[in-house]
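Those letters in the sequence shown? Residues 1 to 102, per full-length UniProt numbering, in order.
Report on one structure; see the data block that follows.
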Amino acid sequence: GGSEMVDRGGMQGDLGVPDEFLCPISQCVMLDPVMAADGHTYERSQIQDWFNVCKIEGQPVRSPLSGENMPSEQLTPNHTLRKLITDALSRSPDLAAALTPP
1 GGSEMVDRGG MQGDLGVPDE FLCPISQCVM LDPVMAADGH TYERSQIQDW FNVCKIEGQP
61 VRSPLSGENM PSEQLTPNHT LRKLITDALS RSPDLAAALT PP
């Protein structure tokens, strides 16, 4: 049987995109990476959507990764990672295929 094909890990795996370039929420390459209070980096729009969902549900804002309450909703731009991603995109246009859809 060809069942080993089931878990291909999506398109990104074929492109050799480093995991740290991917938003843990969307699994897409980040264009605006920000570090949240949990110490993890996310695509800005994705983590803001997550915060909004928590608030709509009347829940405390939690880390999407650890599930622990976040002390604040402060987001810090991850300039270093952003530059790495921008450089990688300019070198390899194929990476653009893995970007978060607008």
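In this text, a Cβ means the ideal position worked out from N, Cα and C, and glycines have one as well.
Every value quoted in this text rests on a predicted model; they were computed, and no experiment measured them.
Residues near residue i in its chain [Cβ-Cβ closer than 6 Å; skip 5 each side]
i, result
"residue 21", "29 and 85"
"residue 23", "30, 42, 43 and 46"
"residue 16", "none"
"residue 33", "41, 78, 81 and 82"
Selected residue, minimal CA-CA separation from residue i, among the options
i, options, result
"residue 44", "81, 93 and 94", "81"
"residue 71", "65, 33, 17 and 60", "60"
"residue 36", "83, 78 and 27", "78"
"residue 63", "40, 16 and 18", "40"
"residue 69", "27, 38, 57 and 33", "38"
Cut-off 7 Å between Cβ atoms - residues of its own chain near residue i, not counting five sequence neighbours on either side
i, result
"residue 96", "89"
"residue 74", "37"
"residue 76", "34 and 35"
"residue 66", "38"
"residue 18", "none"
Neighbourhood of residue i by C-beta, 8 Å cutoff - its chain only, sequence neighbours within 5 removed
i, result
"residue 55", "61"
Original post:
Is the stretch 86-97 close to the stretch 41-57, with three or more CB pairs under 8 Å?
Top reply: no
**OP:** Any chance you could list the alpha helix (DSSP H) runs of at least 4 consecutive residues sitting entirely within the UniProt domain "U-box" (16-95), in chain order?
**Re:** 44-56 and 79-91
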